[in-house]
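Sequence positions in the sequence shown follow the numbering used here and run 1430 to 1522. Ideal placement from N, C-alpha and C gives every residue a C-beta, glycine not left out. Note that the structure is predicted; figures quoted are calculated from it, not measured. Below: the structure, in structure tokens.
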Amino acid sequence: MPAQDGEIIVGGIVEQTHQTMRNLIAILDEAGYALEDVVRVGVWLEDPRDFWSFNKVFGEYFSPEHAPARACVQASMMVDCKVEIDCIAYRRK
1430 MPAQDGEIIV GGIVEQTHQT MRNLIAILDE AGYALEDVVR VGVWLEDPRD FWSFNKVFGE
1490 YFSPEHAPAR ACVQASMMVD CKVEIDCIAY RRK
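See the structure below:
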């Protein structure tokens, strides 16, 4: 979620996507993983018209060579946030 210090950040899809990705990176790092280890991403957008702006920001974090599988759906029950992302990370031993 696009939260900082427990509060949803104010802003549009671009700002909220950047914050959500920063949060995701921090969680992955805490678990000993990196974005390169992400194999699947689930994305929920409040407004499907935000997809192109979201996708542009998403592409700043995942290169085409290391892009994870992704599902993106509209979630109309989200309150105050425009994007939510979950992921699965995997690293071969």
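Please report the distance separating the alpha-carbon of residue i from that of residue j.
i       : j       : result
Tyr1490 : Leu1464 : 8 Å
Val1439 : Gly1461 : 30 Å
Asp1476 : Arg1520 : 33 Å
Asp1523 : Phe1483 : Since the first and last residues shown for the chain are 1430 and 1522, residue 1523 lies out of range.
Glu1540 : Lys1522 : Since the first and last residues shown for the chain are 1430 and 1522, residue 1540 lies out of range.
Trp1481 : Val1502 : 13 Å
Arg1478 : Pro1493 : 22 Å
Val1470 : Leu1453 : 11 Å
Ala1498 : Val1472 : 11 Å
Over what stretch of residues does the beta strand (DSSP E) that includes residue i continue unbroken?
i       : result
Asp1509 : Unbroken run through Asp1509: none, as it is neither H nor E.
Ala1460 : Unbroken run through Ala1460: none, as it is neither H nor E.
DSSP state of residue i, grouped into three classes?
i       : result
Ala1475 : In the sequence under discussion, the amino acid at residue 1475 is Glu, which differs from the Ala named in the question. Three-state DSSP puts Glu1475 in coil, outside helix and strand.
Ile1438 : coil
Arg1499 : strand
Arg1469 : strand
Anyone know if the C-beta pair for residue i and residue j falls short of 8 Å?
i       : j       : result
Gln1445 : Cys1516 : no
Val1468 : Ala1500 : no
His1447 : Val1508 : no
Leu1474 : Ala1455 : no
Check for me: the alpha helix (DSSP H) holding residue i runs from which residue to which?
i       : result
Glu1494 : Where Glu1494 is concerned, there is no enclosing alpha helix (DSSP H), given that its DSSP letter is neither H nor E.
With a CB to CB cut of under 6 Å and the five nearest residues on each side skipped, what residues in its chain are close to residue i?
i       : result
His1495 : Glu1465
Can you find the residues in the same chain that come closer than 7 Å, C-beta to C-beta, to residue i, ignoring five residues on each side of it along the sequence?
i       : result
Val1443 : Ser1482, Val1486
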